[in-house]
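The structure appears below as structure tokens.
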Amino acid sequence: MKVVIAGGSGALGRRLGDDLAERGHDVVVLSRTPDPRARPRQVGWDGATPGPWARELRGAAVVNLAGALVDRRPTPANVDLLTTSRVRPTRALAAAAAALDEPVPVWVQASTAAIHGDAGDAVLTEDSPVADGPPQMAGVARAWEAAATDLPARRTVVLRTSVVLDRGTPALDRLLLLTRWGLGGRVGSGRQWFSWIHVEDWLAVVRTALEQPTLSGVVLATGPAPVRNAELMATLRAVVGRPPAPPTPAPLLRVGALLLRTDPALGLTGRRVVPARLQAAGFAFAHPTLRPALTDLLGGPSTSS
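Each residue of the sequence shown is one higher than the last, beginning at 681 in the numbering used here.
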């Protein structure tokens, strides 16, 4: 099929474009700074208004990943950036698609599992309520999904993605940096939940969303085995061969987050989401548990745990 990817120049977008192109699909990446030599093919857009790029949507599936990285301080200006960088491209795509003679056949709309907030030990599925805050997480996600309401598509899948584990991505790179600095102990209480998915499984989820005609609505793109922060850090230390490390108290993390210009809530909060709809559909995860998943990405001795 033909697939148009918005946000295709980010880490996940590049992975997805290459994956789909290698499987024989005709991939078009919408980019603010298109490279005419790039493969998959890139087409220019401003991420805000319909333009000549809209002709690429005819008969094409849409995957909308557009949005600024969340790894930044939760200031009002940054919250506005996170929101606007998601809402504006979604509205531009919707306006362009609405002007077509026929609806888009399938629209895969990115969202985030952070829309469920920090619900403690509660097991969250697609049917769980969304949270009111914090604004840089659930607040941004609510606005993002609201912009994707009633999209001009025959079928729409909203992927609420958890943390995608892949080399070279901010989430895993930050964890590796802390571990190699000797700060690989639990963060805060260590009881906060960490929901994650291996990048290969995330790619397979997107392919399923594009190709499975019975799948629509909200889908949690997350692995089946979330872990607590203490287990995450212990597993990461084991995989990269680091010794036990002292815990990082929450006040120290907040100071470190200020210096690194990131959001301490990324380490101090979490959610226990499970992919109920994918599991009900019989989706087979290639990397369902954490240590083998990290070993696959980073090397090291694997176990079945």
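We put the CB at the ideal spot given by N, CA and C, even for glycine.
* Per DSSP, which residues does A790 bridge with? Please list them. => L839
* Asked: Between G936 and P850, what straight-line distance do the alpha-carbon atoms span, to the nearest angstrom?
  -> 16 Å
* From this set, G704, K682, R721 and D706, which residue's C-alpha is nearest S689's C-alpha? -> R721
* Asked: Can you give the Cα-Cα distance for S744 and R735, rounded to whole angstroms?
  -> The amino acid at residue 744 is misidentified as Ser; the sequence shows Asn. Approximately 16 Å between the Cα atoms of the pair.
* Could you tell me which of R871, H878 and L940 sits nearest to M913, measuring between CA atoms? => R871
* Test item: CB-CB of S842 and I795 under 8 Å -> no
* In whole angstroms, what is the alpha-carbon distance linking S982 and A973? -> With a pLDDT of 44 at S982, under the threshold of 50, the predicted position of this residue should be treated as unreliable, and no value is reported.
* To do: For G731, I'd like the list of residues in its chain whose CB is within less than 7 Å of its CB, leaving aside the five on either flank, ordered along the chain.
  => W725
* **Stretch pair the segment 782 to 792 + the segment 933 to 948: three plus CB contacts closer than 8 Å** => no
* Residues near W733 by beta carbon distance below 7 Å, same chain, minus five either side -> L710, V723, G724 and W725
* To do: State the Cα-Cα distance for the pair A775 and V919, rounded to the nearest angstrom.
  => 47 Å
* Is the segment 947 to 954 touching the segment 882 to 896 in the sense that three or more CB pairs, one from each, lie closer than 8 Å? -> no
* To do: Indicate whether the contact test is met: 3 or more Cβ pairs, each with one atom in the segment 759 to 773 and one in the segment 856 to 873, closer than 8 Å.
  => no
* Would you say W882 and V844 are within 8 Å of each other, going by their C-beta atoms? -> yes
* To do: Determine, using beta-carbon pairs with one atom in the segment 801 to 813 and one in the segment 755 to 765, whether at least three such pairs fall under 8 Å.
  => no
* Determine which residues share a DSSP beta bridge with Q816 and list them. => Answer by DSSP bridge pairing: none, since Q816 is not bridged.
* Asked: Thinking C-alpha only, which one of T764, A777 and A945 is nearest A826?
  -> T764
* Cβ neighbours of P968 in the same chain (closer than 7 Å, five flanking residues each side left out) -> G903, P904 and A905
* Asked: From what residue to what residue does the alpha helix (DSSP H) around W725 run?
  -> Careful: W725 lies outside any alpha helix (DSSP H) and carries neither H nor E.
* For A777, which option in L737, A802, R922 and L890 has the closest C-alpha, if you only look at C-alpha atoms? -> L737
* Count the other CB atoms within 10 Å of the CB of L857; is the residue buried (16 or more) or exposed (fewer)? -> exposed
* May I have the straight-line CA-CA distance separating R860 from P814, to the nearest angstrom? => 30 Å
* Which ranges does the alpha helix (DSSP H) cover as unbroken runs of at least 4 residues, wholly within the segment 745 to 789, from first to last along the chain? -> 756 to 778
* To do: Kindly give me the distance between the Cβ atoms of A728 and R768, rounded to whole angstroms, as I take these residues to be in contact under 8 Å.
  => 5 Å
* **Burial state of A930 (16 or more Cβ within 10 Å)** => exposed
* Please report how far the alpha carbon of T829 lies from the alpha carbon of R917, in whole angstroms. => 42 Å
* Asked: How many whole angstroms separate the CB atoms of V788 and L890, which I take to be in contact at a CB cut-off of 8 Å?
  -> 6 Å
* **Whole-angstrom C-beta distance between V885 and L839, which should lie under 8 Å** => 7 Å
* Please report how far the alpha carbon of D715 lies from the alpha carbon of T888, in whole angstroms. => 29 Å
* To do: Could you pull out every unbroken alpha helix (DSSP H) segment of at least 4 residues lying fully inside the segment 896 to 951, listed in chain order?
  => 909 to 920, 930 to 940 and 945 to 948
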